[in-house]
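Residue numbers (the numbering used here), protein chains in the order written: chain A, 1 to 383; chain B, 1 to 383.
Built from N, CA and C at the ideal position, the CB exists for glycine as well.
Heads up, the thing below is written out as structure tokens.
And the structure:
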């Protein structure tokens, strides 16, 4: 039987197999310290829960407009003003089923079959798979500690071809937790604009930045599309809700595409998210953020002390990208070794690209400080 | 700035502009009879509402596996046994964000760039847009009353090329409400299988069939993918939940693709849907079905009496595809004429394809019998 070649080109997440093995071990009664999972362990804040329940109770379960509930689009626009002092019109805001839906819309509208998309290696693995899914080509640019694991203007200049139409960046980055400097972002935005191309900026870990200035790429130019999500900072993973902010000129096409490919984001989630920006919710989220920071401040020196090299200190997200060369030449094997022998689950570098991937692992601090301490204890005894 | 040509090739739904105009008129105080909307007017049955609320209340709001909650996959497999006496393994069932997510997965896995997909004109407009979105080519086959507005084996034989890899059919069909005969379906399935291709069967209006035998295409062969949804029969539109049933050999690839393109269907919706198959819910849904049937039984003769030609009586869904040639040569203009002059909103044929589209309009009976009577009264006075 026929099978699309796009499927052969799309890599599975190696961590899913590792997670499945971890669950098998748990079923056998083993205790596993989970530092592999890219999902906040906090549950959705109560005001959002209450708003979701109320929406369903009163029957707000029909389709919304494809671009999302007008009130939610307005609340997000207002949030940019409050949080970043950045002016965004609600007409630029598109509500999507998760950041995934936002990436699909953004690439669907701006990227042509065969176009080249520049992105960093290591980086979020779905990005290159989205590009392949829509028959584009990715040009993965190796990045290292010297640029904080981020793309720079030089990278764009060196890798630009006549087929390049999109650059994808993420700040903070998954897996490295590093942020882009504002000056570099603005230089890249300017360059990309001169080329008549687009900059797609993943800001889904915004809100979880522990050091340095907070700014959004929307301070940049009219060729920027920002992707965001209610999953991480807002602790709403399973609700499947995200958004994008795009130049207004693109929104009509996004509306048309959204009508066709997903109709609209889930309605109960949209009503629930109306409670995401109120002071009580933000208070809860900020306390979660403080807890993430505490965990990072414990885990970072502890990993260094064990002999992992942390080449750039993460400023945000809930990840530490650690060089594991002191212990292994094969971080994939190493991850399984730790899982099988001491019940510590981490993600091998391989899930984030090819460049020196076997030298790195990603630790996620999406579990309690107590669990992290237990993990470090086991690593200390074993390594 | 660059813009993908795929966007230029994707048509907007003309009915969305008409709906927007209808809302404008309503805002001006005009009373509109809505017979354009493809969404059941019934709210979600209470047991599903309760299960959704309970899920959120107890914090079932994290990611599920990409293929969906195992319990829901099992419930759907069991439903095929209960309702159709068809054996389906839960391993073949994939939970998706709406039927849209199911179409994306199915085409993503089986259709290669440049492949040809055969489908009926008139038909559900998103289908051809999905194919274009994924860089395939549609071959729209004109169908008319002689085949009940459905594809036949002859159509496939006459239109098959070496690039054909997928055939998409829908039973009941949107916009015509007509069903495929079992014998014709099995002949087509056999032919498509011999060609090493796939048959994708849209069964999202299953459950809403008012006459004749009920059967699922899954009684056919191993090259069949069935698309279904909780939106129509189960009255769960805004929850954004659907499913597909595929040959088990494809499910691994679908898992990989789902992990990348949408992660998982919304979690509260999946827990809510666990209550969709219990006897109390089915009782409510069957009473809704009876109400749809009553509406159809009123609207069908009433439209004929007015002078619309109904060339094939719809057996299912909640649509009547009516020939409007007695009144107009341009059904698009006609739809606006009715909206502006008598406040009756219907969908022009143009939204469902090109073949004789200007001779047809679609009436949806997704509003109360009282409203339908009011609509007929206005049409009777005006036409």
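Residue j beta carbon less than 9 Å from that of residue i
i: residue 96(B); j: residue 241(B); result: yes
i: residue 389(A); j: residue 45(A); result: Residue 389(A) is absent from the structure shown; chain A starts at 1 and stops at 383.
i: residue 48(A); j: residue 234(A); result: yes
i: residue 316(A); j: residue 383(A); result: no
i: residue 17(B); j: residue 274(B); result: no
i: residue 359(B); j: residue 323(B); result: yes
i: residue 150(A); j: residue 184(A); result: yes
i: residue 335(B); j: residue 32(B); result: no
i: residue 35(B); j: residue 300(B); result: no
i: residue 38(B); j: residue 243(B); result: no
i: residue 105(B); j: residue 258(B); result: yes
i: residue 379(A); j: residue 21(A); result: no
i: residue 227(A); j: residue 129(A); result: no
i: residue 131(B); j: residue 111(B); result: yes
Coarse secondary structure for residue i, derived from DSSP in three states
i: residue 19(B); result: helix
i: residue 305(B); result: helix
i: residue 83(A); result: helix
i: residue 142(A); result: strand
i: residue 202(B); result: strand
i: residue 77(B); result: helix
i: residue 264(B); result: coil
i: residue 292(A); result: helix
i: residue 224(A); result: strand
i: residue 160(A); result: coil
i: residue 257(A); result: helix
i: residue 358(B); result: helix
i: residue 318(A); result: coil
i: residue 374(A); result: helix
i: residue 363(A); result: strand
i: residue 183(B); result: helix
i: residue 337(B); result: helix
i: residue 235(A); result: coil
i: residue 129(A); result: helix
CB contact check: residue i to chain B, cutoff 9 Å
i: residue 57(A); result: yes
i: residue 162(A); result: no
i: residue 288(A); result: no
i: residue 112(A); result: yes
i: residue 61(A); result: yes
i: residue 276(A); result: no
i: residue 262(A); result: yes
i: residue 90(A); result: no
i: residue 239(A); result: yes
i: residue 39(A); result: yes
i: residue 53(A); result: yes
Residue i at chain A interface by Cβ criterion, 9 Å
i: residue 47(B); result: no
i: residue 168(B); result: no
i: residue 139(B); result: no
i: residue 148(B); result: no
i: residue 371(B); result: no
i: residue 5(B); result: yes
i: residue 267(B); result: yes
i: residue 125(B); result: yes
i: residue 204(B); result: no
i: residue 255(B); result: yes
i: residue 35(B); result: no
i: residue 21(B); result: no
i: residue 272(B); result: yes
i: residue 129(B); result: yes
Close Cβ partners of residue i (< 6 Å) along its chain, the five nearest in sequence each way excluded
i: residue 127(B); result: 119 and 168
i: residue 193(A); result: 221 and 223
Nearest-angstrom beta carbon gap, residue j and residue i [assumed within contact, 8 Å]
i: residue 122(B); j: residue 355(B); result: 7 Å
i: residue 113(B); j: residue 113(A); result: 7 Å
i: residue 295(B); j: residue 314(B); result: That belief does not hold up - the Cβ atoms of residue 295(B) and residue 314(B) are roughly 12 Å apart, past 8 Å.
i: residue 267(A); j: residue 60(A); result: 6 Å
i: residue 55(A); j: residue 271(A); result: 3 Å
Neighbourhood of residue i by C-beta, 7 Å cutoff - its chain only, sequence neighbours within 5 removed
i: residue 224(B); result: 189, 199, 201, 217 and 218
i: residue 81(A); result: 87
i: residue 229(B); result: 98, 99, 204 and 242
Neighbourhood of residue i by C-beta, 8 Å cutoff - its chain only, sequence neighbours within 5 removed
i: residue 92(B); result: 77, 245, 246, 247, 248 and 251
i: residue 263(B); result: 63 and 66
Would you list, in chain order, the members of the segment 173-201 of chain B that have their beta-carbon closer than 8 Å to a beta-carbon of chain E? You won't find chain E in this structure, because its protein chains are A and B.
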